[in-house]
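For what it's worth, my numbering labels the leading residue of the sequence shown as 84, then goes sequentially.
Notes for the one structure printed next.
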Amino acid sequence: MLTNTRNPWLFSVLLLILSYYIECFSTAGDTLSAAESLSVSESLVSQGSIFELGFFKPGTSSNIYLGIWYKKFDVMVKDISIVWVANRENPLTDPSSSRLELSEDGNLVLLDRSSKKPYWSTNLAFPMSNSTEAIIGGDGNFVLRDRYNLSTIFWESFDHPTDTLLPGGKLRIDKITGKSKQLISWKNSEDPAPGMFSFGLDPNGGSQYVLEWNRSQSYWSSGIWNGRFFNLAPEMKQNSIFNYTFVSNENESYFTYSLNNSTFIPSRFVINISGMIQQQMWLAGHCNWNISWFQPRQKSNVYALCGAFGMSYENVSNPCQCLQGFEPFSVKDTKLYDWSGGCVRKSSLQCEDSMNTNGERDWFLKKSNVRLPVNSKVNLTGSATTCELVCMKNCSCAAYAYNSSSGCMIWEGPLLNLQQLSDGGEAGQDIYLRLSASEHRSTSLRGNKWNVWVIVSVLLPATALLSWLCIWFLSKGKVKPKGEKDSSNDLRLFDFSAEIHAINDASNTKDCLKKRGKKDVELPLFSYESVSATTNNFSDANKLGEGGFGPVYKGKLLKGQEIAVKMLSKRSGQGLEEFRNEITLIAKLQHRNLVRLLGCCIELDENILIYEYMPNRSLDFFLFDPTKKQTLDWRARFQIIEGVAQGLLYLHHYSRILAWLECLEPMKHKQTQIGLLELSLGAVEI
C-alpha cells in the first residue's frame, strides 16, 4: 500500500474525511426481525430516508416515547414533525434499558428492565408464533406482517392514528364492529397523551366529520360530502395539491387524501392542541410547516378553549386568561398552552364555608362586552335586582346576566366559553361574576391600605406645596381665567379629514410645542384620557410593535378612522429635547411617501405622537417575510424603489427644514438623522 510517510497528518485528515462520508451515506435498516431489538439510540429508516421510527423526548420533558417522524427534517424541528406515537399514555423513563422487540407470540412490545408487562404492545390475540417482522414503509405506515408472506398484514399504525393523518391513511368507521378511528390532539406541546379535542366521523351517522371537546361536545362539523369536498370546508376544493376522497359502503366509511403531484411533498392532516384541524405541507428551505387551510376559522369557536372560568380574547397569540379572583389550575400546563384544567377560585365562596360566621357576603363583579358562556338556565324574574337575589341564594350559581329580551340567566357550576369581545365588532352583553367576600376585601385593601400614611405624610405637605404653586402660577400669569377651556382635544371625536392648519383656532393648533416652549409648529394637542380610550387602554391586543423609542399601538376613533399611537419609552434615552426635535422635524414634512404626523399628547409625564395608520404595515413586513415577499412582482418592486427615492429626494433637497438641519449642532444632527430613519419611507403604496 502506498502512503506518504513524509505527510502523516495528510493521511489522517483524508481518513477522517472518508469516515465522515461513510457515516453520512450509511443508513439504518427499515425492518425489525425476530430476535432483534431496537434501543433508545437506534432507529428504523424507511426506503428513500423519508420516515424514521425511533425514540424521542418532546421539548424539555424527560419522558421517552416511541414514534415516527419525517427523517429529512433538521433534528431541531423533530419535535414538531412527530406523526405517530405508540405509548402516548404510558411513557418510558429509563433510556439505558428501554427497547422495542418482537415477543415470542409475534407481537411488538415496548419494554424496559423493570417492567413486568409491556409499556405498549400490538396486543394481537391470535397466535403468530415467531414468523412476524415489523417494517417502516415509505408512506410512514409501520406494519407488522408475516415474513414468509409479505402481503399478510397483522397490524399497521395507519389503523391506530394519534393526532395526524398521513397521505394514504384512513379516518374510518367499521360498520360491522361499530368501531371508529379518530384523531386526538396532544395534551400539550410536551405531552402526547390524549388531549381534550378529537376529530372523527359523526357518531350520529351521515357523511360528515365533527370536532369534539371531551369526546362528547361537538363544536364544528364539516358538512356532508358532495362528491368533491365537504360542504362546510370549501377550502378543500381550492387546493390543487391534495386529492380528497370519501368512501362509504356496507362495510365501512372513511376519509382519505393523496398528493396530486407525483413529486413527494411532506404533508400531514393534524388536529393541534388548540382544537383546530389543519392541512399542512412542508416548505423546502423555510424549515416550517405551511398551513394550506384550517377550521374553525376563529380560535374563539373552539369549545371550552380556555377551560373552566377562563376568558378568551380575540386576535392575540395567547388567547386565554383566568377571570379576576381565579388562578390557573396548573401554571405549568398553561405555559404549554394547555388550558384543559381551566382556572380555580383563589378563595372559597362565603356560602361554601360553613365555619365562617362573620356575616360577610359574596359579591358580583361586572364584566362588560362579553359573549356569554354556554349552558345557562333561564329564570323567570322581573328585574335585574331579583335576578341577583336568585343567584345569591343559590350557592351553586357562579354568575348571572339580565337583559330585557332574554330576562334572567344564571349559570351553575363552571363557566365555559366566556369570551371578551373587541370594540367595534359583535355586540356583547354584561355578566356578573360571583366572587368571595375575601376577594372583595383584598380588592378594597389594594386601593386603601396606605390611607393613614397618605393623610399623615402626604396631605399636610401637599397642602403647603399646592399653596406655594398657586402663588407662583398666579405671579407668572399661568392660571387660566374662569371659563377658559382646556386646550387639549378629545382624540376620539377629532376629524382628521380637515386640514391640520384649519383645526378649531390658532391657539389649539400650536399647543404641542407651546406647552414645551416652542411656538413654530402647528399640531393639535390631545388629552391622555382620550388617547388611552382609542387604544383600549394601550392593550396588548392593540400593540403593533415596538421600536427603539417605545411601543406603537393601533387606535380607532368614534367615526371609524384608524390611527397609530407612538408612546415614547421612559427608558429609551430620548429626552425632552429629542422629543421637540422629532415634532419640529416631522410636522414640517408633507410627502405622499412619508407617514403623516397628526398630533401629540404631553400629559402625566407621557410624550405621545399620533400618526396616520398604515394598514399594509411597513416595507420590512413584505421584504423580509419568506411568504409575503412572493407577492411583490418586479412592477411592485420598481414602484417601491421609485417611491423610496422620491422620499429621499424630498428630504434632502426640497423639504422646508433642509436649512434647519444644517444649522443643528453635531449631536442633534445625528439624533435627527436617526429619527429620519424612523419615518416610514416604507409607506409606499404597493
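We put the CB at the ideal spot given by N, CA and C, even for glycine.
Outcome for residue i when other beta-carbon atoms lying within 10 angstroms are tallied against a minimum of 16
| i | result |
| --- | --- |
| residue 444 | exposed |
| residue 205 | buried |
| residue 260 | exposed |
| residue 519 | buried |
| residue 585 | Caution is warranted here: a pLDDT of 40 is assigned to residue 585, below 50, making its placement in the model unreliable, and the coordinate value is therefore given only provisionally. Answer is exposed; the Cβ neighbour count stays below 16. |
| residue 378 | buried |
| residue 316 | buried |
| residue 698 | exposed |
| residue 196 | exposed |
| residue 365 | buried |
| residue 500 | buried |
| residue 724 | exposed |
| residue 347 | exposed |
| residue 717 | exposed |
| residue 746 | Note that residue 746 scores 42 on pLDDT, short of 50, meaning its location in the model is unreliable and no value can be drawn from it. |
| residue 456 | buried |
| residue 749 | Residue confidence for residue 749 is low, a pLDDT of 40 falling below 50, so the modelled location carries little weight and cannot support an answer. |
| residue 127 | buried |
| residue 255 | buried |
Whole-angstrom C-beta distance between residue j and residue i, which should lie under 8 Å
| i | j | result |
| --- | --- | --- |
| residue 228 | residue 236 | 5 Å |
| residue 640 | residue 617 | 6 Å |
| residue 648 | residue 691 | 6 Å |
| residue 609 | residue 651 | Actually they do not touch by this definition, with Cβ atoms about 15 Å apart. |
| residue 294 | residue 308 | Residue 294 to residue 308, Cβ: 16 Å. No contact. |
| residue 352 | residue 340 | 7 Å |
| residue 146 | residue 140 | 7 Å |
| residue 681 | residue 646 | 7 Å |
| residue 269 | residue 246 | 6 Å |
| residue 383 | residue 395 | 5 Å |
Coil, strand or helix - residue i by DSSP
| i | result |
| --- | --- |
| residue 410 | strand |
| residue 456 | coil |
| residue 306 | coil |
| residue 135 | strand |
| residue 259 | coil |
| residue 724 | helix |
| residue 320 | helix |
| residue 166 | strand |
| residue 265 | coil |
| residue 365 | strand |
| residue 611 | helix |
| residue 643 | coil |
| residue 512 | strand |
| residue 500 | coil |
| residue 471 | helix |
| residue 450 | strand |
| residue 463 | coil |
| residue 390 | coil |
| residue 696 | coil |
| residue 649 | strand |
| residue 617 | helix |
| residue 384 | helix |
Strand pairing of residue i, partner residues [DSSP]
| i | result |
| --- | --- |
| residue 207 | Paired residue(s): none; residue 207 is not in a bridge. |
| residue 634 | 629 |
| residue 673 | For residue 673, which the question treats as bridged, DSSP gives no partner whatsoever. |
| residue 277 | 269 |
| residue 354 | 360 |
| residue 686 | 689 |
| residue 340 | 327 |
| residue 283 | 293 |
| residue 431 | Looking at the DSSP assignment, residue 431 forms no beta bridge with any residue, so it has no partner. |
| residue 808 | Since the first and last residues shown for the chain are 84 and 769, residue 808 lies out of range. |
| residue 717 | DSSP lists no partner for residue 717. |
| residue 490 | 486 |
| residue 217 | 115, 227 |
| residue 182 | 122, 194 |
(request) Could you say if the segment 401-420 and the segment 261-274 meet the contact criterion of at least three C-beta pairs nearer than 8 Å? (result) yes
(message) Across the segment 472-480 and the segment 369-377, are there enough close Cβ pairs to call them in contact, namely three or more that are closer than 8 Å?
(response) no
(request) Count the C-beta pairs between the segment 113-127 and the segment 177-191 that are closer than 8 Å, then say yes if the count reaches three, no if not. (result) yes
(message) Three Cβ pairs or more, each shorter than 8 Å: is that satisfied between the segment 669-682 and the segment 725-736?
(response) yes
(message) With three or more C-beta pairs closer than 8 Å as the rule, is the segment 455-464 touching the segment 488-506?
(response) yes
(request) Specify whether the segment 130-139 and the segment 208-228 touch according to this definition: at least 3 beta carbon pairs, one from each stretch, less than 8 Å apart. (result) yes
(request) Inspect the CB distances between the segment 249-259 and the segment 390-410 and report whether three or more fall short of 8 Å. (result) no
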